[in-house]
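Participant:
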Amino acid sequence: MALKIRLTRQGAKKRPFYRVVVAEASSPRDGRYIERLGTYNPMLPKDNENRVSLNGERIQYWIGNGAKATDRVARLMATAGLGEKPVRNNPEKAKPKAKAQERLREQEEARLAAEEAAAEAAAQPEAPAEGAAPAEEAPAEDADKQAEA
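Counting along the sequence shown from 1, when you hit position 84 you're at 84 in full-length UniProt numbering, and nothing is skipped either side.
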C-alpha cells in the first residue's frame, strides 16, 4: 500500500480550504484518508500564522513509514521547517539545442579572435611610413611664410 501526504479540498465554491492528510495513493483526492495532519488556507495572507498548520511529529512518523509528500505539501513542509524545498525546474530544458550551442561557440571564438587582433594592434608601436610626412610639411610651411612676406 503506497501512502501519500497530500491535500484534500474542503470549503465552498471559490473559497478553497485544504486539509493535509495521509492517504493511499489510489484513493480519490477528496476520498477516504487515514489521518489528518494539518490544514492549509490559501485565502489568508502569506505572513499569517494560520495559513499553514502542520503536526510535525505525525508527519515525520508517516514519512518514516514510507509516505511520500506531494510537491505542494513538500513546499508547505519546507516553509514550516519540516523538510527541504524540492527543486522544481529542469535546468537542462532551458539550454539551447546542439545547433544553437555550436553557433554560440563560433560567435565566441570570432569575438575572442577579434579581441586578440585588437590587442596585438594596440601593443605594436606605429612605425613611421617611408617618405616621412612630417618632414614634407615643414618646407611647405616655410613656402607659405615666404609667400606672405
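Built from N, CA and C at the ideal position, the CB exists for glycine as well.
Given this structure, state the Cα-to-Cα distance separating L76 from R105, to the nearest angstrom.
Facilitator: Taking the straight line joining both Cα atoms gives about 42 angstroms.
Participant: Take D71 and list the residues in its own chain whose beta-carbon comes closer than 7 angstroms to its own, dropping the five residues that flank it on each side.
Facilitator: The answer, listed in chain order, is P86.
Participant: What span of residues does the alpha helix (DSSP H) with V20 cover, start to end?
Facilitator: Counting along the chain, V20 falls outside any alpha helix (DSSP H), though it belongs to the beta strand (DSSP E) covering R15 to E24.
Participant: Starting from Q124, trace the alpha helix (DSSP H) in both directions and tell me its first and last residue.
Facilitator: Here Q124 belongs to no alpha helix (DSSP H), and DSSP marks it neither H nor E.
Participant: Along the chain, where does the alpha helix (DSSP H) that runs through T79 open and close?
Facilitator: Where T79 is concerned, the enclosing alpha helix (DSSP H) stretches over D71 to A80.
Participant: Nearest-angstrom Cα distance between R19 and L37?
Facilitator: Rounded to whole angstroms, R19 to L37 spans 8 angstroms at the Cα level.
Participant: So, for N50: in the same chain, excluding its five sequence neighbours on each side, which residues have a beta-carbon less than 7 angstroms away from its beta-carbon?
Facilitator: So the list reads N41 and L44, once near-sequence residues are dropped.
Participant: Alpha carbon to alpha carbon, how far is I63 from E109?
Facilitator: If you take the alpha carbons of I63 and E109, they lie about 52 angstroms apart.
Participant: Express the C-alpha separation of K99 and K13 in angstroms, rounding to a whole number.
Facilitator: Each residue's alpha carbon lies about 50 angstroms from the other.
Participant: Do R58 and E35 come within 8 angstroms of each other at the CB atom, strictly closer than that value?
Facilitator: It is a contact, given that the beta carbons lie within the stated cut-off.
Participant: My output table needs one value for K95: the three-state DSSP class, helix, strand or coil.
Facilitator: Coil at K95, not helix or strand.
Participant: Can you give me the Cβ contacts of E116 inside the same chain, cut-off strictly under 6 angstroms, excluding the 5 residues immediately before and after it?
Facilitator: For E116, where only same-chain residues beyond five positions count, there are no Cβ hits under 6 angstroms.
Participant: Should L54 go down as buried or exposed, given a rule of 16 or more other Cβ atoms within 10 Å for buried?
Facilitator: Burial call: buried.
Participant: Jot down the residue ranges of each uninterrupted alpha helix (DSSP H) in the region 25 to 75, minimum 4 residues, whole runs only, in chain order.
Facilitator: If we require 4 residues or more, the alpha helix (DSSP H) runs fully inside the region 25 to 75 come out as 56 to 64.
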